[in-house]
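In the working numbering, the protein residues as written are 5 to 521. Think of the CB as a built atom: it goes at the ideal place given N, C-alpha and C, for glycine as much as any other residue. Report on one structure; see the data block that follows.
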């Protein structure tokens, strides 16, 4: 049940006025209603109220956005812009974003429910994604390739074209931006489909970037549900690259649709992050990292510290201290500075988390902490749930294998290093993993053995614009961030120039040593 049009939230007057507008699709540099006139309500997870109305796109709207991006890609204003001029523009976008950061902080906290402190800490680093990619654009060098014979061989790279960017609800602006930055720096154009739950900061960013000088049509936004707008975007033959962050099944469907048009893909999908805690590491520090890894963002992250695999010698102490840590966290209004964990994004998500509590207990796990709606918030219309710890879990239990996507972690004991690695690698996912140990040799040995695209040693959630991000197994394909991501926005053309004036006639049989290839 949601309250209609309750605008009682602690945001600035400018944001309140912006929210009262009806927000269309952002196509060709301007806001447009959906062709059908359909709209969706956007709900604030903190109090369950409608805070905005946005357009609900269908396949024709998506086609309009792709056509806009295609025109912009070929228009001389964008296509003929020099590399250095484009890098300067991308740096201006970073500056414009920074200048509007306070309103983006508030808008994102209102729309996805993360505590304002978390939102500030995360979004404050996003402008540097654009600066990093602008620097990569300037520093880019194509290859000259030594080949046999009198030839000058080199590569020439050009932007792939139109990028379909499907972003999730958990980190709306960060995840959209980590793909927008290389898109613009490479010379591509884009259509972004944000989550229907959290579209507001993406719409506002499109306005900010257009005001900062980004040519019309380079950045388009279609709002709508994944089954309609997302499907239409993924399967459209007018896109050249698909980047998607979401659940594994969403990635499987979108990836299959895009593959029919031989579209290149970067998919960051589900996870069930294992954290191996060895007995030589401080239990108190391990617990602090566990709470951070499992409960930041209300656990709604693909790298949530979902499985703590703890040496039996410190297992009981770890469980006891983590349970007490979880029970002590302040859950509440994301705008309240005392809040340490906000709501999950929707009532559906909260029900999923509580269902997994029952599944785990029915399988024989012990509920050590949480697993309930906070008593003090039982009458709230917000989507709150206590941070949850299940102990005495076995690797074959559903709660140890399936992604929950909430403030929910399980604890399993181990006796030997090999056993810990085997438990960690028994998952069908492989996005991230972590190790807690003071033994340097062990840290390197275990990190190498873990089947994951990202491994943290004595840390969690850390990311840098220069460090590649992505998974293995059912956690996706491709990499975001870093040189690896930037290079994925280009097609490579090989050019070979014959520098010899020697006569050539393959069918003249008097010629000797003629090359076929």
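- With 16 or more other Cβ atoms inside 10 Å of its own Cβ, residue 473 counts as buried.
- If you look at residue 315, you'll find it in the beta strand (DSSP E) that goes 311-315.
- One Cα belongs to residue 422, the other to residue 319, and the distance between them is close to 17 Å.
- Nearest neighbour of residue 409 by Cα position, chosen from 259, 276, 445, 520, turns out to be 276.
- Nearest Cα to residue 248 within the set 242, 273, 154, 236: 273.
- When only Cα atoms are considered, residue 412 and residue 352 end up about 15 Å apart.
- Taking the CA atoms as reference points, residue 476 sits about 9 Å from residue 458.
- Annotation: residue 211 to residue 219 spans about 11 Å, alpha carbon to alpha carbon.
- Exclusion of the five residues before and after residue 136 leaves 469 as the residues of its chain whose Cβ lies within less than 6 Å of its Cβ.
- In this structure, DSSP gives residue 30 an extended state, which the three-state scheme calls strand.
- Out of 77, 290, 209, 281, the CA that lies nearest to the CA of residue 416 is found in 281.
- When only Cα atoms are considered, residue 441 and residue 427 end up about 17 Å apart.
- A direct Cα-to-Cα measurement between residue 110 and residue 341 gives close to 13 Å.
- Under the three-state reduction of DSSP output, residue 243 falls in the coil class, being neither helix nor strand.
- Contact annotation: residue 56 and residue 227 have beta-carbon atoms that are not nearer than 8 Å.
- Membership of residue 495 in the beta strand (DSSP E) is indicated by the continuous run 494-502.
- Under DSSP, the beta-bridge partners assigned to residue 156 are 501.
- In this structure, the straight-line span from the alpha carbon of residue 108 to that of residue 120 is close to 11 Å.
- Among the bridge pairs identified by DSSP, residue 460 is matched with 438.
- Taking 8 Å as the cut-off, the beta carbon of residue 232 is found no closer than this to the beta carbon of residue 21.
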